[in-house]
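Enquirer:
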Amino acid sequence: MTKIPFHYQIVAGIFGGVIFGFLFPDFVFLAKPFGVIFLKLLKLMVVPLIFVSLVDGITRVGSAEKLSVLGIRTTVFYLATNGLAVITSLILVNLIRPGDGVKIFGDKSEAIQTVGGMPDLIPQNFFQALAKGDTLQIIFVAILFGVGLVALKEKGKRLAELFSDLNEWILVLVGFMMKLAPLGVFGLLAGMVQAFDWQAVIGVGKFVLTLLLGLLIHGGITLPLFFKTFSTRPLKKFISDMEPALFTSFSTSSSAATLPVTMDCIEKRAKISKDIAGFVLPVGATVNMDGTAMYEATACLFMAQALGIDLSLGQQLLVFFTAALAAIGAAAIPSAGLVTLAMVLTAVHLPLEGIGFLLAIDRPLDMSRTVVNVWGDMVACAVVEGLEKKEKKDA
């Protein structure tokens, strides 16, 4: 009997969940636990995976000089794509003007808390950071830990080998968990369909289309251009290798929850080296949020237009920088962009009441922008790999 490919199983789970949610809304409570369990299992592995894989990735690099090159390339790529994502959104919103004629209302915005300042990067207590699941703090400590092991050279070799073994062990556990993925996404999608307010789409149709167009341009044109420019891999084959992670990101709406699957796809299916994947992906899952940045910029200008406010060039530049920074500080969890949107609105003195207007339609938009976030992390791995190969060839 021919085994059904894994990514087709996930697609079947997605469509099955949507159909079940539509046809049998009274029985969705039977399916939702599968989604909850699957999501909890993935999140269970996120903190150890980020810490262990990042330390392992850094120690595999082998030297402080090579590590700094890898870090610079990764950072430049993430900043460049993040900036281009926001610029794309600002251009589209100014051209389409989705907010004209829309009346913003809603009383749910009290639930949104304004985010002040930059995220707290340095933890007072490492174990507290682990317990809270603060990914930025965990990444900071993991980088320090990994750099320390690299500096120890031969003395740190045994500890580095331990982290390599731990990383392999975690990925084996992730493989076991992923066998539940089709059933898990079935439960997640069934619950989403039942809870979603479809009538709300009518009032913000142009906003939804503008955002989706921007995500399509960034994910389908901008990122592939980076890929084709810097990587020698065939794009079609790479996309095929990444399908399980892309489908998982769509169903979970979480870059963090998808990270174990992304690591598995990059290392085992695409065969990109662990030293690249172990560094680029954990960092990207936390700070590379192109889709989230696009959402914040689009939503901010949409609300300004709906309120009859024309933001000046200076104010739109402020939106550009704030959206980019807020996206970097956003947690890699579902609907984090909705929370950090308050930071962008506050920067240009727009009322937060408009956030309530977007709550009803946030979930499917969150699913779409998470796919772009995760796709950007994958392309980053291919780009960094391509630059390394070119450097070796020229040497």
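Residue 144 in numbering that gives the first Met the number 0 sits at position 145 of the sequence shown; the count goes up by one each step and never skips.
Just so you know, even glycine gets a beta-carbon here, dropped at the ideal spot from N, CA and C.
These numbers were taken from a predicted model, which means no experiment stands behind them.
#1: For V114, does the three-state DSSP call read helix, strand or coil?
#2: In chain order, what residues of the same chain have a beta carbon less than 8 Å from the beta carbon of K391, not counting five sequence neighbours either side?
#3: For L148 and A141, what's the separation of their Cα atoms in angstroms?
#4: Run through DSSP, which three-state label would N287 get?
#5: Along the chain, which unbroken stretches of the alpha helix (DSSP H) at least 4 residues long are found entirely within the region 195 to 253?
#6: Grouping DSSP H, G and I as helix and E and B as strand, with all else coil, what is V101?
#7: Specify the secondary structure class of K388 as computed by DSSP and reduced to three states.
#8: Excluding sequence positions up to five away, which residues of its chain have a Cβ less than 6 Å from the Cβ of T113?
#9: What beta strand (DSSP E) runs, 3 residues minimum, are completely inside the region 9 to 58?
#10: DSSP three-state label for L459, please.
#11: Would DSSP call I3 helix, strand or coil?
#12: For H348, count neighbouring Cβ atoms within 10 angstroms of its own Cβ and tell me buried if that reaches 16, exposed if not.
#13: How about I169: is its C-beta nearer than 8 Å to some C-beta of chain C?
#14: For N372, which of helix, strand or coil comes out of DSSP?
#15: For W374, does the count of other Cβ atoms within 10 angstroms reach 16, so buried, or fall short, so exposed?
#16: Helix, strand or coil: which one does DSSP assign to L310?
#17: Applying the criterion that 16 or more other CB atoms from any shown protein chain within 10 Å of the CB defines a buried residue, is K388 buried or exposed?
Expert: Short version:
#1: Residue 114 sits at position 115 when you count from the first residue of the sequence shown. Confidence is the limiting factor: at V114 the pLDDT is only 40, short of 50, which leaves the residue's position unreliable and the question unanswerable from this model.
#2: Position 392 of the sequence shown, counted from the first residue, corresponds to residue 391. Once the five neighbours on either side are set aside, K391 has no close Cβ partner at all.
#3: Translated into the one-based positions of the sequence shown, residue 148 becomes position 149. Translated into the one-based positions of the sequence shown, residue 141 becomes position 142. About 11 Å.
#4: For the purposes of this step, residue 287 is taken as the residue at position 288 of the sequence shown. Of the three classes helix, strand and coil, the one that applies to N287 here is coil, per DSSP.
#5: Those alpha helix (DSSP H) runs which fall completely within the region 195 to 253 and span 4+ residues are 199 to 202, 204 to 216, 222 to 229, 234 to 251.
#6: Along the sequence shown, read from residue 1 onward, the residue named residue 101 stands at position 102. V101 falls in the coil class under three-state DSSP.
#7: Residue 388 sits at position 389 when you count from the first residue of the sequence shown. Look at K388 here: in three-state DSSP terms it is helix.
#8: If you number the sequence shown from 1, residue 113 lands on position 114. Interpretation of T113 is limited by its pLDDT of 39, a score under 50 that renders its predicted location unreliable; the figure taken from the coordinates is listed afterwards. Leaving aside the five residues that flank T113 on each side, the residues in its chain whose CB is nearer than 6 Å to its CB run, in chain order, A341, T345.
#9: Runs of the beta strand (DSSP E) lying entirely within the region 9 to 58, each at least 3 residues long, are absent.
#10: Residue 459 lies beyond the residue range present for the chain, which begins at 0 and ends at 394; the question has no answer from this structure.
#11: Sequence index remark: in the sequence shown, residue 3 carries index 4 (1-based). Here I3 carries a coil assignment [DSSP, helix/strand/coil].
#12: As a position in the sequence shown, residue 348 is number 349, starting the count at 1. By the 10 Å Cβ count, H348 comes out exposed.
#13: Here there is only one protein chain, and chain C is not present.
#14: The residue labelled residue 372 in the question sits at position 373 within the sequence shown. Taken through DSSP and simplified to helix, strand or coil, N372 comes out as helix.
#15: Within the sequence shown, residue 374 is the residue found at index 375, counting from 1. Per the 10 Å Cβ criterion, buried.
#16: Taking the first residue of the sequence shown as 1, we reach residue 310 at position 311. The three-state reading of DSSP puts L310 in coil, since its state is none of H, G, I, E or B.
#17: As a position in the sequence shown, residue 388 is number 389, starting the count at 1. With fewer than 16 other Cβ atoms within 10 Å, it is exposed.
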